[in-house]
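In the numbering used here, the protein residues as written are 1083 to 1342.
Quick look at the structure:
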């Protein structure tokens, strides 16, 4: 699940070298705008921005973006924050100052690199947009299997689209399954799916403290179902707090780096 260059052939050739299949726009769903939504954009090479949209992400503090680790392995572009339509001047653009990947840390269990598909991207200057908060211990009992959630991303609208939809899209899904020790959850919704370019995009639930970030779209591994297929369960890396160190390693790594 990772998007690399403008044309489909180049996309897929480069992705074959990555830690998983291509990055995952939302299939189905609806166009929306969110101030904390982030798109990763390759440098301008004369092609439309839809062909240069690489992955999705989410602003979690004024200076840090959370995304999938495979999205930023060789990333040299900029990020756009709070833009509903990528062709518009809405939102703000920021350079990337630093990239940290969970699989390079001691928080990622040995032999589990592909399951630690999370990265923190430090912005070159602070955003003015309000960030989305992580689900912490105060909302632990408010989300789990069966919880309604929303997935967001700028990716393709079908497996053959060849480029971003050009818009932030939202899919209504439900959390279907947790995998206790490998940082994974699965979510699905009727008539919708995440697709190429949605990798790193947030999965959000409603809580008594407002919307909270619980997971990000990850690269498909092992027996995960294929991206872009409506109704299929899709894989996410859990980033919300789940009560024990084994179940909360991404959350603990993120909060350690951010000092929160």
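Quick reminder that beta carbons are idealized off the backbone N, C-alpha and C, glycines included. Please read all numbers here as calculations on a predicted model, not as lab measurements.
Inset, instruction - For the stretch 1179-1186 and the stretch 1163-1170, state whether three or more C-beta atom pairs, one from each stretch, are separated by less than 8 Å. - result: By the Cβ criterion, the stretch 1179-1186 is not in contact with the stretch 1163-1170, since fewer than three pairs of Cβ atoms, one from each stretch, lie closer than 8 Å.
Legend entry - Outcome for residue 1326 when other beta-carbon atoms lying within 10 angstroms are tallied against a minimum of 16: Flag for residue 1326 reads exposed.
Inset, instruction - Please say whether residue 1141 and residue 1123 have beta carbons closer to each other than 7 Å? - result: no
Inset, instruction - Grab me the residues of residue 1204's own chain with a C-beta within less than 7 Å of its C-beta, minus the 5 sequence neighbours each way, in chain order. - result: So the list reads 1145, 1146, 1179 and 1180, once near-sequence residues are dropped.
Legend entry - residue 1212, buried or exposed, once every other Cβ within 10 Å from all chains shown has been counted against 16: exposed
Inset, instruction - Put residue 1199 into one of helix, strand or coil per three-state DSSP. - result: coil
Legend entry - Candidates 1315, 1286, 1280 and 1292, of which the one nearest residue 1299 by Cα: Of the candidates 1315, 1286, 1280 and 1292, the one whose C-alpha sits nearest the C-alpha of residue 1299 is 1280.
Legend entry - Cβ pair residue 1255, residue 1233 closer than 7 Å: yes
Inset, instruction - Starting from residue 1146, trace the beta strand (DSSP E) both ways and give me its first and last residue. - result: 1146-1149
Legend entry - Beta-ladder partner(s) of residue 1281, from DSSP: Answer is none; residue 1281 lacks a bridge partner.
Legend entry - the stretch 1187-1205 in contact with the stretch 1146-1159 per 3-pair CB rule at 8 Å: yes
Inset, instruction - Pull up the distance between the alpha-carbon of residue 1329 and that of residue 1129, whole angstroms please. - result: A direct Cα-Cα distance of roughly 42 Å separates residue 1329 from residue 1129.
Legend entry - Cutoff 6 Å; reference residue 1230; Cβ partners in own chain excluding five residues on either side: 1256
Inset, instruction - Starting from residue 1157, follow the alpha helix (DSSP H) in both directions and report where the run begins and ends. - result: Taken as a continuous stretch (DSSP letters only), residue 1157 belongs to no alpha helix (DSSP H), as it is neither H nor E.
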